[in-house]
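Quick note, the sequences are listed as chains X and Z, same order. The first sequence runs 0 to 579 under numbering that gives the first Met the number 0. The second sequence runs 0 to 41 under numbering that gives the first Met the number 0. Heads up, the thing below is written out as structure tokens.
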Amino acid sequence: MSRPDWIVLVLTLLAIIAYGLYKSRTTKDLDGYFLGNRTLPWYIVLMSIMGTQASAVTFLSAPGQAYTDGMRFVQYYFGLPLAMVVLCITFVPVFHRLKVYTAYEFLENRFDLKTRALTSFLFLLQRGLSTGISIAAPSIILSSLLGWDITWTNIFMGGLLIIYTVTGGAKAVAYTQQLQLIVIFAGMFMAGYMVVHRLPAHVGLLDALHIGGQAGKMNIITTGLREGTAAGGRGGFDWNDRYNLLSGIIGGFFLALSYFGTDQSQVGRYLTARSMGESRLGLLMNGLVKVPMQFLILLLGVLVFSFYQFNKEPVFFNKSQITLLEHSRYKDSLVLVNREYDAAETMKIKERNWLSANEGKKGQAIYVEAEQRLHQAEGLKAWARGVIKRWLNDKQVGGDNNDTNYIFLRFVTDFLPRGLIGLLIAVIFLASWGSIAATLNSLSSCTIVDFHRRFTKKELTPYKEYKLSRMYTLFWGVFCVGVAQLAYNIGNSLIEAVNLLGSLFYGVILGIFLVAFYRKKIGGTAVFVSAVIIEAFVILLNVLNNKGIVHLSFLWFNVVGAVGVVVLSELIGLVAPQKK
Amino acid sequence: MNEDEPEDKSPLFPRWSYWYALVIGFLLVIIAFFYFLTNYFA
Numbered sequence: 000m001s002r003p004d005w006i007v008l009v010l011t012l013l014a015i016i017a018y019g020l021y022k023s024r025t026t027k028d029l030d031g032y033f034l035g036n037r038t039l040p041w042y043i044v045l046m047s048i049m050g051t052q053a054s055a056v057t058f059l060s061a062p063g064q065a066y067t068d069g070m071r072f073v074q075y076y077f078g079l080p081l082a083m084v085v086l087c088i089t090f091v092p093v094f095h096r097l098k099v100y101t102a103y104e105f106l107e108n109r110f111d112l113k114t115r116a117l118t119s120f121l122f123l124l125q126r127g128l129s130t131g132i133s134i135a136a137p138s139i140i141l142s143s144l145l146g147w148d149i150t151w152t153n154i155f156m157g158g159l160l161i162i163y164t165v166t167g168g169a170k171a172v173a174y175t176q177q178l179q180l181i182v183i184f185a186g187m188f189m190a191g192y193m194v195v196h197r198l199p200a201h202v203g204l205l206d207a208l209h210i211g212g213q214a215g216k217m218n219i220i221t222t223g224l225r226e227g228t229a230a231g232g233r234g235g236f237d238w239n240d241r242y243n244l245l246s247g248i249i250g251g252f253f254l255a256l257s258y259f260g261t262d263q264s265q266v267g268r269y270l271t272a273r274s275m276g277e278s279r280l281g282l283l284m285n286g287l288v289k290v291p292m293q294f295l296i297l298l299l300g301v302l303v304f305s306f307y308q309f310n311k312e313p314v315f316f317n318k319s320q321i322t323l324l325e326h327s328r329y330k331d332s333l334v335l336v337n338r339e340y341d342a343a344e345t346m347k348i349k350e351r352n353w354l355s356a357n358e359g360k361k362g363q364a365i366y367v368e369a370e371q372r373l374h375q376a377e378g379l380k381a382w383a384r385g386v387i388k389r390w391l392n393d394k395q396v397g398g399d400n401n402d403t404n405y406i407f408l409r410f411v412t413d414f415l416p417r418g419l420i421g422l423l424i425a426v427i428f429l430a431s432w433g434s435i436a437a438t439l440n441s442l443s444s445c446t447i448v449d450f451h452r453r454f455t456k457k458e459l460t461p462y463k464e465y466k467l468s469r470m471y472t473l474f475w476g477v478f479c480v481g482v483a484q485l486a487y488n489i490g491n492s493l494i495e496a497v498n499l500l501g502s503l504f505y506g507v508i509l510g511i512f513l514v515a516f517y518r519k520k521i522g523g524t525a526v527f528v529s530a531v532i533i534e535a536f537v538i539l540l541n542v543l544n545n546k547g548i549v550h551l552s553f554l555w556f557n558v559v560g561a562v563g564v565v566v567l568s569e570l571i572g573l574v575a576p577q578k579k
Numbered sequence: 000m001n002e003d004e005p006e007d008k009s010p011l012f013p014r015w016s017y018w019y020a021l022v023i024g025f026l027l028v029i030i031a032f033f034y035f036l037t038n039y040f041a
């Protein structure tokens, strides 16, 4: 990175920390520290909800996802607006009426202590580990591309935010998230503008989208039906297909309902609102803006794809893996493959330029011939990439053959002007900070409210509880950075690990809450036993999935967990009716 | 607390159910728009 980039990066990060400290003043008790005295307006709640959900990976991974797999990932968010409506009708009024600090407090009120403790424990386990992994994922990408030391990157990624999170609690988290989102959107908008600006003069935005469309990247809506279904052949719905309309609406609904309704990192955000109405408005606005926002981030990936049709695309976006091959037994073959790839790239750029400039000749023999040469070049490129991926998969090389998460940042570092690179690296840090800060605050609130306060007999003053909460926030911050250090060896599959971890636990937690809200006759023991059995079943399902015995996308684990707990509790309730 | 309490009054619309309909309606419109884009750029 150049000096202007470093200046932009350091100044942006320092400004956020200073702003967080400036906004740190709260009353020195749990209400002030964890809920900002319940005084925040809906738009701060909205920004806080969005800032908590959008992690660094959202901005790194989503454009790469669109680049490789197309826009269909946006369907993953279709269930979210529906979940917002259900939350506003059911969850929000109860949480506000009971004036809870954590979502799990309500479970003791409705069931018993053991159900509250189990649910809060599942949350702490899942969130503590996945936050550590969430720190490691962008750190690995930044350290690979920019050659930074991984330990220091982890400390900066997960450690600096501790300063304002420990000091200012939920209020500092919410106000910094507001500023962070402004910087993030400004950075992403500028990146989008630069992609279009750097396209050849004769290629406009619509042309770029058509190029993406021709390559199958504008597959925004997909049905998940196997080929041949319509023709009456052997088709049917592909349950292993992750992103389609049905899995997005149903699986996405359960995931969003679990995440926003039962994950304290989100519940803690809308409990900071000054009234129930402000909480509702923040959530409903999130339901309105989330899908378009995600669409635009993915669209950036399609534009980057079109950009690389006119510019040299690296054979593999993760530079460090190419360096690995250069020092392996494949180093001589790599030179030959690179030569073939470069020739194909030159041919691709030449033909693509000609085709774009001569749209009027479509259908003529000369146009068809140019298209054929383009396909030939694409075929050669795919072959070269395939060879490189195979080499990286070789156990002796020990490489990582998935470069999806490196695509956007590689484009940024290779093609964007000085200063803007620093801003976009800052975007990655800020997205990470916003999400992690909210999580640390929620981990601390559950530890003190659901465990420390509940299980120790010693009465503490509000000030001592506040001091203790700060200590717990610090503890969880250090814990998560420690997990990030240990998670380094998992490699690029870290992002999948975060999604999978969530899906393993969210469904069961949601099931407990659904029984609590909708099945008034079912008691604590029935739901507790069901939750333990279904959690074991979901984990078994994952093991069977990994072994290839079952073929089920992880999104469906949420549905299995939630429905499983509801149905089993009902059955146990019928066999052994209980009073609360 | 219920919908009649002053602090929970729905802004812009007389009732919260209008907001819920707006969010669901917007989702349907946006899915239809995405369907159109998928076919248009295919």
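Where is the CB? At the ideal position from N, CA and C, for every residue including glycine.
- Across the structure, residue 356/X and residue 202/X are spaced so that their CA atoms are roughly 8 Å apart.
- Under DSSP, residue 272/X forms a beta bridge with 39/X.
- Listed along the chain, the chain X residues whose CB falls inside 8 Å of the CB of residue 34/Z are 219, 220.
- Three or more Cβ pairs drawn from the stretch 497-507 of chain X and the stretch 538-555 of chain X lie within less than 8 Å of each other, which places the two stretches in contact.
- One thing to note: residue 409/X has its Cβ within 9 Å of the Cβ of residue 316/X.
- Annotation for residue 116/X: the continuous alpha helix (DSSP H) segment containing it runs 112-145.
- Residue 462/X is positioned such that its CB atom lies no closer than 9 Å to that of residue 30/X.
- As the crow flies, the alpha-carbon of residue 387/X is around 20 Å from that of residue 374/X.
- Within a 10 Å sphere around the beta-carbon of residue 100/X sit 16 or more other beta-carbons, which makes this residue buried.
- Of the candidates 212/X, 210/X, 241/X, 241/X places its Cα closest to the Cα of residue 225/X.
- By the CB criterion at 9 Å, residue 44/X and residue 272/X fall inside the cutoff.
- Of the candidates 12/X, 508/X, 514/X, 508/X places its Cα closest to the Cα of residue 261/X.
- Looking only at 347/X, 110/X, 281/X, the smallest Cα-Cα distance to residue 83/X is reached by 281/X.
- Here the stretch 349-363 of chain X does not lie against the stretch 393-405 of chain X, with fewer than 3 beta-carbon pairs under 8 Å apart.
- In summary, residue 286/X is buried, with 16 or more beta-carbon neighbours lying within 10 Å of its beta-carbon over all protein chains present.
- Within chain X, not a single residue places a beta-carbon under 9 Å from that of residue 12/Z; the smallest gap is close to 11 Å.
- The CB of residue 19/Z comes closer than 8 Å to the CB of 84, 87, 88, 283 in chain X, given here in chain order.
- In terms of beta-carbon proximity, residue 209/X lines the interface with chain Z, with at least one pair separated by less than 9 Å.
- Contacts between residue 212/X and chain Z, judged by CB atoms closer than 9 Å, involve 36, 37, 39, 40, 41 in chain order.
- For the 9 Å CB-CB criterion, residue 3/X and residue 277/X do not form a contact.
- Inclusion of residue 453/X and residue 124/X in the CB contact set at 9 Å is not warranted, their separation being larger than that value.
- Take residue 253/X, set aside five residues on each side of it, and the residues of its chain with a beta-carbon closer than 6 Å to its own are 557, 558, 561, in chain order.
- In the structure shown, residue 504/X adopts helical secondary structure according to DSSP, grouped into three states.
- Rounded to whole angstroms, the Cβ separation of residue 472/X and residue 440/X is 7 Å, and the two are in contact under 8 Å.
- If you draw a straight line from the Cα of residue 20/X to the Cα of residue 161/X, it is about 11 Å long.
- According to DSSP, residue 236/X shares a beta bridge with 224/X.
- Contact check for residue 154/X and residue 480/X: beta-carbon distance about 6 Å, within the 8 Å limit, so the pair qualifies.
- With its beta carbon at least 9 Å from every one in chain Z, residue 503/X lies outside the interface.
- Sixteen is the threshold: when 16 or more other Cβ atoms of the shown chains lie within 10 Å of the Cβ of residue 308/X, as they do, the residue is buried.
- Among the CB atoms of chain Z, none fall inside 9 Å of the CB of residue 62/X.
- Going by DSSP, residue 180/X is part of the alpha helix (DSSP H) stretching over 160-196.
- Within the stretch 275-304 of chain X, contact with chain Z at the beta-carbon level (separation under 8 Å) is assigned to 275, 276, 279, 280, 283, 286, 287, 290, 291, 294.
- Taking C-beta atoms as the reference points, residue 192/X and residue 175/X fail to come closer than 9 Å.
- In chain order, 22, 23, 25, 26 make up the part of chain Z whose C-beta sits under 8 Å from the C-beta of residue 80/X.
- Judged by beta-carbon spacing, residue 468/X lies within the 9 Å limit of residue 444/X, meaning their Cβ atoms are closer than that value.
- Of all residues in the stretch 93-121 of chain X, those with a C-beta nearer than 9 Å to a C-beta of chain Z are 95, 96, reading in chain order.
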